[in-house]
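Colleague:
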Ligand code: NCD
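Numbering (our numbering), first residue to last: 354 to 669.
1) Does residue 493 pass the burial test, meaning 16 or more other C-beta atoms within 10 Å, or should it be called exposed?
2) Are the stretch 371-391 and the stretch 634-654 touching, with three or more C-beta to C-beta distances below 8 Å?
3) Taking 8 Å as the cut-off, does the stretch 500-515 touch the stretch 470-477 (at least 3 CB pairs, one atom from each stretch)?
4) With H, G and I counted as helix, E and B as strand and the rest as coil, what does DSSP make of residue 562?
5) For residue 424 versus residue 398, is the C-beta distance shorter than 9 Å?
6) Closer than 8 Å to a non-hydrogen atom of the ligand NCD - does that hold for the CB of residue 619?
7) Can you give me the Cβ contacts of residue 396 inside the same chain, cut-off strictly under 6 Å, excluding the 5 residues immediately before and after it?
8) CA-CA distance, residue 392 and residue 542?
9) Could you check the C-alpha separation between residue 490 and residue 409 for me, to the nearest Å?
10) Just to confirm, is the Cβ distance from residue 615 to residue 575 under 9 Å?
11) What's the gap between the Cα of residue 601 and the Cα of residue 442?
12) Measuring alpha carbon to alpha carbon, tell me which residue in 437, 471, 404 is nearest residue 461.
13) Does DSSP put residue 644 in a helix, a strand or coil?
14) Quick check on the DSSP output: what are the complete beta strand (DSSP E) runs of length 3 or more inside the stretch 466-534, in order along the chain?
15) Can you tell me the Cα-Cα spacing of residue 366 and residue 530, whole angstroms?
16) Are the CB atoms of residue 499 and residue 644 nearer to each other than 9 Å?
17) What's the gap between the Cα of residue 458 and the Cα of residue 434?
18) Looking at the structure shown, is residue 583 part of a helix, part of a strand, or coil, going by DSSP?
19) Report yes if the C-beta of residue 697 is less than 8 Å from at least one heavy atom of the ligand NCD; otherwise report no.
20) Can you tell me whether DSSP reads residue 588 as helix, strand or coil?
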């Protein structure tokens, strides 16, 4: 049976914890002078990115290389996709070369799952439209557990452009599995349609009032305003967004001391997050980046190194 990481739904708590345990070991490798483990020697991984990326793609590339895999990066610009080749043909073509794993980012929600039905090598979803970004959620929770210990009962506040955020969708699932209480905050126009039913089912709270929620947070995660996915006006002006929903210098004073500030990047400094917040001593934005390599090493290891599959119900 094929093994994939398409959604946080593919993982149970034990498997998430197993990924974290391996990630902690991989994190130690990051501190070594020679950062190579032989685990994926002789395996080939393709990073197929149809959307722009700085940290996710380079993080998967570094993760694969530190595990001794051969990693090839392909982006839509510069590939035959820009000549009109279909997604299926592109995927079948690269798979026919004999790869062992495919990391894929695509602007269409559901693309990674669709691809996993076409090929029989592990597929890792590195972001599909506004649907999911499971490794981002894993690295966010991993960063939080290193900072806060168990997330059971911890209150995580997520703020920003929820409508367009796959990071939000993966994170509410991951945090719920780890026992955290989640409150999501956004202006009404950036609160996804149907969120009230979903929040009841999934057990998270919603709010339009950031100032009321911040004093009760154990962690705050700011999400980017995704202007590239917006077709119309979702808020009157950037200034008004910042006044109501930005993590401004004044709002930092509403947080309990020591509350970690997260952002998956790329940050719009001055819009959803001020420079004071992004560079605060409690900002863990760069910890998230370094955790990203360790968590992706762990995921690649579990999926490709011949270990029991993450989503086959066994202990990974
Ligand atoms: C996120 C993404 O691409 O979904 N970024 C990332 O992977 N680090 C969030 C975003 O683009 O705002």
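Beta carbons: idealized from backbone N, C-alpha and C, even for Gly.
Modeller: Put simply:
1) buried
2) yes
3) no
4) coil
5) yes
6) yes
7) 422, 453, 657
8) 47 Å
9) 12 Å
10) yes
11) 47 Å
12) 404
13) helix
14) 476-481, 508-512
15) 6 Å
16) yes
17) 14 Å
18) coil
19) Residue 697 lies beyond the residue range present for the chain, which begins at 354 and ends at 669; the question has no answer from this structure.
20) coil
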